[in-house]
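Student: Mind looking over this structure? Questions follow.
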Amino acid sequence: MPVDAQEFAAALRQHATGVVLLTVRDDIDDVGTTVTSLMSVSADPPLVAVGLAADGYPAEVLQSVGTAVVNVLAAPQAILASRFASAGRPSARHLLETVPWHRAPVSDAIALDGALTALDCRVESVVEAGSHVVVLLAVEGVPVLGDGDPLVRLRGRWTDGAGRLAGRG
């Protein structure tokens, strides 16, 4: 018997996941999207994987450009996660007007100064996976290495690492 999509989604909401902001710079603009499917793949060589909606603009731009930054968000950055999870969002630079950031050296994408870490990456490969793509990223630099509590997604809410509702700032 096939698993109901809503039941499947409800089941996975029970799994706590870290929250990242994936940023890509193309010739026209900066693109960003909230991602809760980051996975460490290998330490040698350093590789991570992210899952993105296959029909989404961020996946299209990432595959076209071939580089990105994975910003691991801190608990106080819940508002950023919400901004970048919204449909029809404007340019990443407009959503980050009051947030300190700089350009990562390899990808030239946005690295958040207040993130727990930022990984400057190149696309290694892309695998189609149902409605999504899994993008394997080679980590070529760590332009930000901070400290603090992580932003976590659990049961449809932003929380800190201890399960408390995450800050709004």
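Each residue of the sequence shown is one higher than the one before, starting from 1 at the first, in the UniProt record's numbering.
For each residue, glycine too, the CB sits at the ideal point set by N, CA and C.
These figures come from a predicted structure and were not determined experimentally.
When the Cα atoms are used, what is the spatial distance from Ala-166 to Leu-145?
Tutor: Cα to Cα, the separation comes out at about 20 Å.
Student: Let me confirm a value: Ile-28 is counted as buried when at least 16 other C-beta atoms fall within 10 Å, else exposed. Which label applies?
Tutor: Ile-28 is exposed by the Cβ-count criterion.
Student: Using a 10 Å radius around the Cβ and a threshold of 16 neighbouring Cβ atoms, would you call Ser-107 buried or exposed?
Tutor: It is buried - the Cβ of Ser-107 has at least 16 other Cβ atoms within 10 Å.
Student: Between the stretch 124 to 140 and the stretch 83 to 97, do three or more beta carbon pairs fall short of 8 Å?
Tutor: Touching, no, given that fewer than three Cβ pairs across the two stretches are closer than 8 Å.
Student: Quick check on the DSSP output: what are the complete beta strand (DSSP E) runs of length 3 or more inside the stretch 25 to 111, in order along the chain?
Tutor: Listed in chain order, the complete beta strand (DSSP E) runs (minimum 3 residues) inside the stretch 25 to 111 are 30 to 35, 38 to 43, 46 to 53, 67 to 72 and 101 to 103.
Student: Excluding the 5 residues flanking Cys-121 on each side, which residues of the same chain have their C-beta closer than 8 Å to its C-beta?
Tutor: For Cys-121, where only same-chain residues beyond five positions count, the Cβ hits under 8 Å are Val-48, Thr-67, Ala-68, Val-69, Val-70, Val-106, Ser-107, Leu-137, Ala-138, Val-139 and Glu-140.
Student: Express the C-alpha separation of Val-50 and Arg-103 in angstroms, rounding to a whole number.
Tutor: Whole-angstrom Cα-Cα distance: 21 Å.
Student: In whole angstroms, what separates the C-alpha of Leu-38 from that of Ala-16?
Tutor: If you take the alpha carbons of Leu-38 and Ala-16, they lie about 12 Å apart.
Student: Specify, as a first and last residue, the run of the alpha helix (DSSP H) that Ala-11 falls within.
Tutor: 5 to 12 is the span of the alpha helix (DSSP H), which, as asked, contains Ala-11.
Student: In the structure shown, what three-state DSSP assignment does Pro-2 receive?
Tutor: Three-state DSSP puts Pro-2 in coil, outside helix and strand.
Student: Buried or exposed for Leu-12, going by 16 or more other Cβ atoms inside 10 Å?
Tutor: With fewer than 16 other Cβ atoms within 10 Å, it is exposed.
Student: Alpha carbon to alpha carbon, how far is Gln-14 from Arg-155? Give it in angstroms, no decimals.
Tutor: Distance between the alpha carbons of Arg-155 and Gln-14: 6 Å.
Student: Hey, could you find the ends of the beta strand (DSSP E) Ala-138 is sitting in?
Tutor: Element bounds for Ala-138: 132 to 145.
Student: Strictly by DSSP, which residues pair up with Glu-128?
Tutor: Paired residues: Val-133.
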